[in-house]
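Peer 1: Residue numbers (numbering that gives the first Met the number 0): 0 to 122.
Glycine is no exception: its CB is placed at the ideal position from the N, C-alpha and C atoms.
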Amino acid sequence: MFQQLMTQFLDEYGSLEKKQEDCYSFPVTPEMMATVEDRHPVIHFHCRLGQCPKENREEFFTEALMANLFGSNTGGGVLGLSQDGSELLIQHDIDYTIPYTDFSASLEDFCNAAELWAEECRR
0 MFQQLMTQFL DEYGSLEKKQ EDCYSFPVTP EMMATVEDRH PVIHFHCRLG QCPKENREEF
60 FTEALMANLF GSNTGGGVLG LSQDGSELLI QHDIDYTIPY TDFSASLEDF CNAAELWAEE
120 CRR
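1) Among Y99, E54, T96 and C110, which residue has its Cα nearest to the Cα of L78?
2) Quick one: does the C-beta of D101 sit closer than 8 angstroms to a heavy atom of the ligand SAM?
3) Roughly how far, in whole angstroms, is the beta-carbon of Y95 from the beta-carbon of Q7, given that I think they are within contact range, below 8 angstroms?
4) Output the residue ranges of the beta strand (DSSP E) runs that lie fully inside the region 13-59 and measure 3 residues or longer, sorted by chain position.
5) With burial defined as no fewer than 16 other Cβ atoms inside 10 Å of the residue's Cβ, what is the status of H39: buried or exposed?
6) Report, in whole angstroms, the separation of the C-beta atoms of C22 and E36, which I expect to be a contact under 8 angstroms.
7) Measure from the alpha carbon of P52 to the alpha carbon of each residue in C46, T61 and H45, then state which is nearest.
8) Quick one: measure Cβ to Cβ for H91 and G76, integer angstroms, because I've assumed they're closer than 8 angstroms.
9) Do you know whose CA, among E58, G84 and A66, lies nearest E47's CA?
10) Quick one: grab the DSSP three-state call for Q82.
11) Please list, in chain order, all residues of the same chain as E16 whose beta carbon is under 6 angstroms from its beta carbon, the five residues on each side excluded.
12) Could you give the distance in angstroms between the alpha-carbon of T73 and the alpha-carbon of Q2?
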C-alpha cells in the first residue's frame, strides 16, 4: 500500500529522494526537508522545523503546547523537541490503508503546518 501511495505521489509531484527502503524525503521549502516513512501500520511524516527562538521562549513554548492541545495549526501533527531541546520538530502518523486523495491532503496539511511553525521559529 505504501509503495502504491508513493508511486502516485511521484507521478503527481516529481522525484523524491529515497533515503532507505520505505523512507523518502522531499523539500517542503528549499531549506527544509520532510520525511515520509512506512512504519506499518502507520505512515509517518517527520520534519525538523528549526532552532527554537532564544528570546520569548516561554511564549513560544506556550503557543506550541496550545497548538498540540487543541490541534490548531499543526495539520493533524504533533510538535515536539529534538533530544537536546534546541530544535522544534513536527510529526504526524496516518492510517496505512488511507486512500491516495486523503494521503495527499494529509501531506499537504502537514507541509503547510511545517512552514507555519518554521516561520514561528524564525520570529
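Peer 2: Reading off the structure:
1) The residue given as residue 78 occupies position 79 in the sequence shown. Nearest of Y99, E54, T96 and C110 to L78, Cα basis: C110.
2) Of the ligands one can find in the structure shown there are none, so the ligand SAM has no counterpart to examine.
3) Here the question's residue 95 lines up with position 96 in the sequence shown. Here the question's residue 7 lines up with position 8 in the sequence shown. Contact flag wrong, Cβ pair sits at about 15 angstroms.
4) 16-19, 22-28, 31-38 and 41-50
5) Taking the first residue of the sequence shown as position 1, residue 39 is located at position 40. Its Cβ having fewer than 16 others within 10 Å, H39 is exposed.
6) Within the sequence shown, residue 22 is the residue found at index 23, counting from 1. Within the sequence shown, residue 36 is the residue found at index 37, counting from 1. Yes, C22 and E36 are in contact; Cβ-Cβ is about 4 angstroms, under 8 angstroms.
7) For the purposes of this step, residue 52 is taken as the residue at position 53 of the sequence shown. Among C46, T61 and H45, the Cα nearest to that of P52 is on T61.
8) For the purposes of this step, residue 91 is taken as the residue at position 92 of the sequence shown. For the purposes of this step, residue 76 is taken as the residue at position 77 of the sequence shown. Contact holds; Cβ gap of about 4 angstroms.
9) Locating residue 47 in the sequence shown gives position 48, counting from the first residue. According to the sequence shown, residue 47 is Arg rather than Glu. Minimum Cα distance to R47 is reached at G84.
10) In the sequence shown, counting from the first residue as 1, residue 82 sits at position 83. The answer is coil: DSSP assigns Q82 none of H, G, I, E or B.
11) For this step, residue 16 is matched to residue 17 along the sequence shown. Cβ within range, chain order: S24.
12) Residue 73 sits at position 74 when you count from the first residue of the sequence shown. Residue 2 sits at position 3 when you count from the first residue of the sequence shown. T73 and Q2: Cα-Cα distance of roughly 26 angstroms.
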